[in-house]
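Working notes, structure below.
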Amino acid sequence: MRIQLSEHFNYNKLLRFVLPSIIMMIFTSIYSVVDGLFVSNYVGKNSYTALNLIYPLLMGLGALGFMIGTGGSAIVAKTLGEGKKELANRYFSMLVYITIIGGILLTIVGLIFIRPIAVRMGATEILIEDCVVYGSILLIAQTAFMLQNVFQSFFVTAEKPKLGLLVMIAAGVTNMLLDYVFIVLFHWELAGAAIATAISQVVGGVFPFLYFLRKNDSLLRLTKAKFDGRVFWKTCTNGSSELMTNLSSSIVNILYNLQLMKLAGENGVAAFGTIMYVNFVFIAIFIGYSIGSAPLIGYHYGAGNHDELKNLFRKSLFLMGIFGIALAGLAEILAVPLSRVFVGYDPELFAMTCHAFRYYAFSFLVIGINIFASSFFTALSNGMISAAISFLRTLVFQIAMIYLLPLFFQLDGIWMAITVAETLTLFITIACFIAQRKHYHYA
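The letter at position 218 of the sequence shown is residue 220 when you use the numbering used here, and the numbering goes up by one with no holes.
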């Protein structure tokens, strides 16, 4: 039975509603994880390091899709809550078409400048060719990747989170199977990993486009649309936090890699890459919950249902706290076995990765609340506060800690940076929740 946005949500119903989005985000994160796992074990440490060096660039270019998906879905959900379904469909269609145009332009620019960018990101002569090969292949699928990110949010708004989940499972399974075929059987090495990921992104981006293009039983359908500058600007400002999160994450990961090359060489970059793969899966739970709950928050805000808004706010904070404790504990327990899976073939690298993992695990205690807070204010159409939280947690505080902490703790300072940055952001998050509670009537 389909759960509607207008319903009252207890814990059971809320978790059932957001679960497809959580699983969907986990499968999205599996793309890079599976690539890293196969490349590290079947191609070699240098190719594994090259993949980790260039991947932040690809994620940064895909940030437009996250921005339009999260910012636009909040506007579309609010418009649906106001009872304007035809207008909501025009907004939805315009944003999808803009994503396609943006993806094509970014692909062209990326392919032209991929080599000099890779060099500036720290690629040495040993790594440069692998960086260019992997990056170029994925840039060809950039538009599909951005559409995939957009539709992750709009499937929830369309009251079709389970269909979105099935699409992402299909894309994830495609990536896993093709990684095995192209790398292990065909010996296409790093290029095989890139081709497998590109094909899976086409599955995740093109199928939803075709679904919404035809007549369907969801709340949304692609129709003719004119450019509306006001709505697009509102989408950009509303989704600026997600744009900032992804762009900042890419920039910060590049800075991490540059610092690690200085302090620990290729092993440091490889160790950090392993931690990031696990991090992608763990924070996917927080991001998936935030994506899944945002249309509910946006709908009830648009409908003026203050009691339900309070209910969703309280339950979400409690769940973020429980998830954080569970994931931090799980990360500590799994530090050794997960490190062995990725880099167990190199004793020195394995020891470094395990040590770093134990420091990094503490960040999961607080990161979920900050991620939800940013999404929460986006759903309330307050892009400024949402962007401020994202800007501080993903860029300002992390950059400061990346360069400050190593002065006192050497290499350990790098592994501690994320936890200190997220803790500082938490104080800002709490202050924003308190300051805005009466204005939006959520507490």
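All C-beta atoms in this analysis are idealised placements derived from N, C-alpha and C, irrespective of residue type, glycine included.
Whole-angstrom distance between residue 300 and residue 308, CA atom to CA atom: 11 Å
Member of 346, 55, 395 whose CA lies at the smallest distance from the CA of residue 123: 55
Buried versus exposed, by CB contacts within 10 Å (16 or more), residue 321: Residue 321 sits buried, since 16 or more C-beta atoms from the chains shown fall within 10 Å of its C-beta.
Residue from 126, 211, 350, 119 with nearest C-alpha to residue 166: 211
Limits of the unbroken alpha helix (DSSP H) element including residue 91: 87-122
Under the three-state DSSP convention, the category residue 378 falls into: In this structure, residue 378 counts as helix in the three-state DSSP scheme.
Expected contact under 8 Å - CB spacing of residue 159 and residue 272 to nearest Å: Wrong, their Cβ atoms sit about 39 Å apart, outside the cutoff.
For residue 181 and residue 246, the rounded distance between their alpha carbons: 31 Å
Cut-off 6 Å between Cβ atoms - residues of its own chain near residue 83, not counting five sequence neighbours on either side: Excluding positions up to five away in sequence, the list reads 301, 304, 305.
Test item: CB-CB of residue 139 and residue 172 under 8 Å: no
Residue from 17, 280, 343 with nearest C-alpha to residue 332: 280
Spatial distance of residue 201 from residue 443 (CA atoms): 45 Å
Contact belief for residue 394 with residue 430 at Cβ below 8 Å, rounded distance in angstroms: 6 Å
Beta-carbon contacts of residue 428 that lie in its chain and below 7 Å, excluding the five residues immediately before and after: 368, 371, 372
CA-to-CA distance, residue 154 to residue 71, given in whole angstroms: 7 Å
Reduced DSSP secondary structure (H/G/I, E/B, other) of residue 412: coil
Short Cβ contact (8 Å threshold) for residue 292 with residue 377: Yes; because the gap between Cβ atoms is below 8 Å, this pair is in contact.
Cβ neighbours of residue 363 in the same chain (closer than 6 Å, five flanking residues each side left out): 330, 333, 334
Cα-Cα separation between residue 238 and residue 187, rounded to whole angstroms: Just so you know, the alpha carbons of residue 238 and residue 187 end up roughly 44 Å apart.
Buried versus exposed, by CB contacts within 10 Å (16 or more), residue 127: exposed
Burial state of residue 45, where buried means 16 or more other Cβ atoms lie within 10 Å: buried
4-residue-minimum alpha helix (DSSP H) runs that sit fully inside the segment 287-350, ordered along the chain: Runs of the alpha helix (DSSP H) inside the segment 287-350: 308-345.
Given residue 435 as reference, the closest of 391, 414, 404, 209 once Cα atoms are compared: 391
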